Every structure is written in C-alpha cells, then in structure tokens.
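Trainee:
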Amino acid sequence: MSENPRTDWPYPRPEQPPVPKPGDAAHTVNVWLVPNFSMLTLFCLLEPLRVANRFGRELFAWRLLSADGEAVVASNGVRIEVEGVLAEHALGDLLMVISSYEAEVSVTGAERAVLRHVAAHGGRVGGLDTGPFILARAGLLDQHRVALHWESVPAFRAEFPHISVSEARFEFAGQRLTGSGGAAGIDMMLQWIEHDYGPALANAVERQLVHQRVSEEEAWKAGAARTLENLPRSVVRALAVMETHLDQVLSIPEICRLIGQSQRQLTRLFMAHFGETPKQCYVGMRLDYARRLLADSRCRVTEAALTSGFVHLAHFSRVYQARFGERPSVTAERGTV
0 MSENPRTDWP YPRPEQPPVP KPGDAAHTVN VWLVPNFSML TLFCLLEPLR
50 VANRFGRELF AWRLLSADGE AVVASNGVRI EVEGVLAEHA LGDLLMVISS
100 YEAEVSVTGA ERAVLRHVAA HGGRVGGLDT GPFILARAGL LDQHRVALHW
150 ESVPAFRAEF PHISVSEARF EFAGQRLTGS GGAAGIDMML QWIEHDYGPA
200 LANAVERQLV HQRVSEEEAW KAGAARTLEN LPRSVVRALA VMETHLDQVL
250 SIPEICRLIG QSQRQLTRLF MAHFGETPKQ CYVGMRLDYA RRLLADSRCR
300 VTEAALTSGF VHLAHFSRVY QARFGERPSV TAERGTV
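Numbering that gives the first Met the number 0 numbers the first residue of the sequence shown as 0 and each following residue consecutively.
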C-alpha cells in the first residue's frame, strides 16, 4: 500500500523512523508489561503514537518496563525485551499497565506502591485488559468509572462492588485510563491525540492505521448482530434467560415456558447450533462464569460455586475439572497474590 495515496497528502514520509527517545518527545508513556500480557493490546497502544510522530514529529516516546528489568513473555509465548525496572522509571506523562491472564500472580505490594507513588505525584495511571484489577487493588480506582475486558467484569464486580463498571470499551477521563484491551487501545490513544493536538491529527492517524472509530452504541450493536444474526429467535431468548439466571438456576422446562418454546424443539435447535443440549450449554455458561470469578478475583471456591448456581461443592469440583482440566482450587490459587 502506498504511503502517499493522494498527491495533496500533507504528511510526507519522514527520513528516519519516528521513534524518539524518552526525554526527546513532548510526552513519555511508560508501559509496565505484566507476564502473560496481550501482544495485541501492546501494539494497539503504541502504533497510534508512532504514526502520530510521523505526522507531528517527536510527540510521543515510550519505554517498556518490567518489575525486575528482565524480558517479559507475552501470552502468545513471544519474549519481549524491556528498557528498565518499573520502580526506577515509572514517573512520566502516563504509566500504563498491560496484563491479561493471571494478572496478580507476579504482582507484589512493592509494585502496587509504585503505582500509588505515581498517582500521588499527579501522574496519569492506566490499565488495559485485566490491568484495572491491579489498579483497583492498589486503591487507585475508587470514585472512577472503569472499563475492562468483558470476560473479567463479573469477577471485578464481585471483588470491587463499590467501583462503577462501564460498558464502554475504554474510559479516558482525568488521571485514570482504563480499557478492555485489544483494538480499544487504538481508540483510547486517538482520543488522547485529539484532545492534545486536535481532530485533524487524530483523523490522519486513524486513516493511516486503516481504522475507523465508532460510537459505543454502534460497536455494541455490531457485535451483538454478528453474534446472534444466525441464531433462531427462541435460542437467543433462551440464552438471554440463562445469562441472567447464572446464580439462581432455572429448570429447562421453566426456561421453555418463559420463551414460549417446547423443550423438544429447543433441544433440537441447541443441538443443531451448538452440539449441546440446553442443559449442557447452561451448565457450561455457569462454569465459565465460575472460572472468571476464580481466575480474576480473590473469590473462594465455595463462593464461586454458589454464585454460579452450584449447591453441592463436590459436584461443582467434578464438572469444573472435567471442563477445564484442573480443580477449581488450582484456578483460585492463581487468582490470589
């Protein structure tokens, strides 16, 4: 693809790659990589800044950090070298925490103290994907609306019922930035660029990345349409009922009564679309919910079982291990410090 598709394009290709060093740019972003972080989230965070440098020149610099200064392995197994230790380079225009799976396994009280130090000195602090858990456990998200990956929302609400969870892909207000990860990082950085340098530069970066920002309502409708467009109406309604009754479990005949469908016909439809009966699908949804609670919060096994509608702990442990290949207590141990 040509870098200059139009003859009147106002931003020529720079002679050198636009990657200034910290201190040489108007803004420095320090990125703390937590083991098993999402590579996609990291790239989506940095690429808008790189492209903005191409157009605006030396606007943004970034520095990758780890807790100990050693390389960090992403969730895809790729090893990423870093440029420093978190405790030594945290202060800047923004400290962004990027984590994904098992975010709390390697995070200590010392790292949370660094986050509090940055916030106390007026620095912006943010978290993407499961990063908001780390910020919340450091006490930095009280009185803030929080956006995070949708899979982690139930566990976050269980652990932090006093914090308001947003349905948006990201929240960028004041000194706290939170987002769901992935492509949401592009939109978050575009908003920063637009806020500080105006819509012309943000729109130029957006075009160069072949990316189109959409409203939260449009994004939700598009996602819902893609997910549900090929499912019969009765299946969609049954899934909605199941989703809203994960803790107080309904019988399949009761679900059929609520949606006005015979059990025989609903079973046929579920088998055709999912290869499972409605009961098997419902149990799977509840187990997935329990796993999110155990993996992303400090919820105990008994609490996770009851919250996902399992009255008998032995039965819960048995079906959980059959689905995920490990006991729920093992998952819970990874979700604690």
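Cβ atoms here follow ideal geometry from the backbone N, Cα and C, with glycine treated the same way.
All figures in this text were calculated on a predicted structure; none of them were measured in a lab.
In this structure, what does DSSP give as the bridge partners for A60?
Mentor: In DSSP, A60 forms a bridge with T27.
Trainee: Could you work out which residue in E101, F273, L140, G83 is closest to V33 when comparing CA atoms only?
Mentor: The option with the nearest alpha carbon to V33 is E101.
Trainee: Quick one: residues in its chain with C-beta nearer than 7 Å to the C-beta of V164, no 5 flanking neighbours on either side, listed in chain order?
Mentor: Answer for V164: V145, V152, F155, R156, listed in chain order.
Trainee: E82 by DSSP, collapsed to three states: which one?
Mentor: Of the three classes helix, strand and coil, the one that applies to E82 here is coil, per DSSP.
Trainee: Should A66 and L58 be called a contact, given that it needs their Cβ atoms to be closer than 9 Å?
Mentor: No, Cβ-Cβ distance for A66 and L58 is not below 9 Å.
Trainee: Bridge partners of I97, per DSSP?
Mentor: In DSSP, I97 forms a bridge with L32, L127.
Trainee: Note down the Cα distance separating H88 from A24, rounded to an integer number of angstroms.
Mentor: H88 and A24: Cα-Cα distance of roughly 16 Å.
Trainee: Under 8 Å Cβ to Cβ from V248, same chain only, skipping five residues before and after it: list those, please.
Mentor: Cβ within range, chain order: Y281, R285, G308.
Trainee: For E166, which residues from the same chain have a beta carbon less than 6 Å from its beta carbon, with the 5 sequence-adjacent residues on both sides left out?
Mentor: Once the five neighbours on either side are set aside, E166 has no close Cβ partner at all.
Trainee: Considering only the alpha carbon of each residue, which of P198, P47, V72, C43 lies closest to F36?
Mentor: Answer by Cα proximity: V72.
Trainee: Determine the burial state of N29: buried for a count of at least 16 other Cβ atoms within 10 Å of its Cβ, exposed for fewer.
Mentor: Buried, by the Cβ-count rule.
Trainee: Judging by CA-CA distance, which residue of D287, G121, A109, H148 is the nearest neighbour of A137?
Mentor: Measuring from the Cα of A137, the nearest candidate turns out to be A109.
Trainee: For T177, which of helix, strand or coil comes out of DSSP?
Mentor: Strand.
Trainee: Any idea if E217 is buried or exposed, counting beta-carbon neighbours within 10 angstroms, 16 or more meaning buried?
Mentor: Because the pLDDT at E217 is just 47, under 50, the model does not fix this residue reliably, and the point stays unresolved.
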